Each structure stands twice: as structure tokens, then as C-alpha cells.
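Sequence order for the protein chains is P and Y.
Residue 116 is where the first sequence ends in my numbering, and the numbering goes up by one at each step.
Residue 230 is where the second sequence ends in my numbering, and the numbering goes up by one at each step.
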Amino acid sequence: EAGVAQSPRYKIIEKRQSVAFWCNPISGHATLYWYQQILGQGPKLLIQFQNNGVVDDSQLPKDRFSAERLKGVDSTLKIQPAKLEDSAVYLCASSHRRSRPFSPLHFGNGTRLTVT
Amino acid sequence: SQQGEEDPQALSIQEGENATMNCSYKTSINNLQWYRQNSGRGLVHLILIRSNEREKHSGRLRVTLDTSKKSSSLLITASRAADTASYFCATVDITQGGSEKLVFGKGTKLTVNP
């Protein structure tokens, strides 16, 4: 099966600019996640979708970050305006279904964002 | 929220040696997962161990779980240079809204020298 696709792989922007990331999950995967991974740390969940509904966005800085999942498939994550501390790798992941016990996640290779 | 904490933060060994990484967590779990991340890539799921299991094997990987100590260990036997990566444990946390989310530790960076 094809893996989780993300684009772009790298992005460099200046602070206060806006940026958008795109993710295409594995076909048939109902649950989609966006994680932020700062250098040297583990991934931190930003937002979780079940189909096209938001399940959890408690750690999403909603004053500058937004995300949507179109028709329950592709997803975009936007930052506007960006801050220096947003420099990180943004990882998209998907899983087959929201089930107990928690299904393993399949990750894309991420987008490395540098804010100067 | 609970979060797995890996130990050590970094580990450097010679090819052929065994590598052991530990993970401690705070609250009760129904499963614990281990992931690997190669430099510049996404995370890859390695193994899942359920709370009623004490040990699980997958190829050169052996995972143990001690729920009384709230800890897990990942053992890689006969390590290879290709095992060089960061390894993360992950546990399920329940959000305020009652949904489940997977929470990762900070990881152990393993370097296997040829």
C-alpha cells in the first residue's frame, strides 16, 4: 500500500509569513493526525481528525494554527503568522480506525519548517 | 497528561552488541508501543505490547512490560549499523473530551558503530 504522503519536504519562511502543509493519508484510514516535532524531542500531537471531524485539538495554538480535512481524506495544516518557535518538523500520520487498543500509526516523512 | 520517558537519552554501541532502551510512564495503560525514527524520516511502528502481556518478540526485537513498575524495555539483539535511529515509546492518553491520543516520549538516540 502507498504510504502517507506529505508536501513540501522543506520550507523556509520569515517570521510573520504564512505557510501551509499538505497530507494525503493511506487510503481507507479514517483517523488522521498532525504532530509537531521540535529538534531533539518526541512528536507532540497538534490535532486529530476522525473522518472529517476534529476529535482533539487541545494543543493546537488556535490563534495562529488551523487545520482542515477535506471530505475526510486529504488534510492541510496552516500557520499564520509564523513565529520563530514554530521551527520544527510537522508530521502527518494516519491509522485504520479509532479502536481499542489504539491502532499503530503510519507516519509520513514530514515537512521541515524553518522560520527566520 | 501521561508521557513515556525513555532512558538513556543517547546510547552508542558497537555492531553486534545488544542495545537496551527503557521507558517509564505514569498512569495505567492498555498498551504501549515502540517506534523507530531514522534521521530525516517519519516514525515507523515497531511493536505493540498489551497490558496483559509481559514479553513480546519480533525478529531481533524483544519488548518487556512491567505494569507494576510502570516500565517497558526494548532490546535489540545483534545490532547493526542500520539500527542507528531514535527510538520512542508511546502510550495512550485520554483527553478532556474523552478521546484517545498517542503520546510520545523524548526518545533514545541509538548509534551503532560499524
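Note that CB positions come from ideal geometry on N, CA and C, so glycine has one too.
Values in this document were obtained by computation on a predicted structure and should not be read as measured data.
Asked, Found
"Selection from P:55, P:9, P:12 that minimises the alpha carbon distance to residue 72 of chain P", "P:55"
"Close beta carbons around residue 117 of chain Y, own chain, < 7 angstroms, minus the five adjacent residues each side", "In this predicted model, residue 117 of chain Y has a pLDDT of only 46, less than 50, meaning its place in the structure is not dependable; the value taken from the coordinates is given anyway. The residues are 209, 219."
"Whole-angstrom distance between residue 190 of chain Y and residue 228 of chain Y, CA atom to CA atom", "15 angstroms"
"Continuous beta strand (DSSP E) stretch holding residue 208 of chain Y: start and end", "201-210"
"Alpha-carbon to alpha-carbon, residue 111 of chain P and residue 166 of chain Y", "32 angstroms"
"Nonlocal neighbours in the same chain, by C-beta distance under 7 angstroms from residue 172 of chain Y, ignoring five residues either side", "163, 165, 179"
"Span separating the alpha-carbon of residue 113 of chain P from that of residue 64 of chain P", "15 angstroms"
"Closer than 8 angstroms to chain Y by CB, residue 105 of chain P", "yes"
"Closer than 7 angstroms: residue 220 of chain Y CB and nearest the ligand SAM heavy atom", "The ligand SAM is absent from the structure shown, which contains no ligand whatsoever."
"Helix, strand or coil at residue 133 of chain Y according to DSSP, with G and I counted as helix", "coil"
"7 angstroms Cβ cut-off: residues of chain Y touching residue 72 of chain P", "Correct list: empty, because the minimum Cβ distance to chain Y is about 17 angstroms."
"Neighbouring residues, chain Y, relative to residue 36 of chain P (Cβ below 8 angstroms)", "None at all; the shortest Cβ gap to chain Y is about 11 angstroms."
"Span separating the alpha-carbon of residue 40 of chain P from that of residue 214 of chain Y", "30 angstroms"
"Other residues of its chain near residue 230 of chain Y: CB distance less than 6 angstroms, five sequence neighbours each side excluded", "131, 197"
"Close beta carbons around residue 159 of chain Y, own chain, < 6 angstroms, minus the five adjacent residues each side", "151, 153"
"8 angstroms Cβ cut-off: residues of chain Y touching residue 108 of chain P", "158"
"Buried versus exposed, by CB contacts within 10 Å (16 or more), residue 221 of chain Y", "buried"
"Under 8 angstroms from the C-beta of residue 222 of chain Y: neighbouring residues of chain P", "40, 41, 42"
"For residue 53 of chain P, the three-state DSSP class (helix, strand or coil)", "strand"
"Nearest residue (CA-CA) to residue 82 of chain P, options P:4, P:9, P:7, P:19", "P:19"
"Proximity to residue 138 of chain Y [Cα-Cα], best of Y:176, Y:129, Y:125", "Y:125"
"Within-8 angstroms CB hit, residue 208 of chain Y to chain P", "yes"
"Proximal residues of chain Y, C-beta to C-beta of residue 102 of chain P below 7 angstroms", "147, 208, 216, 218"
"Chain Y within 8 angstroms of residue 45 of chain P, Cβ atoms only", "yes"
"Proximal residues, the segment 63-87 of chain P versus chain Y, C-beta separation under 8 angstroms", "none"
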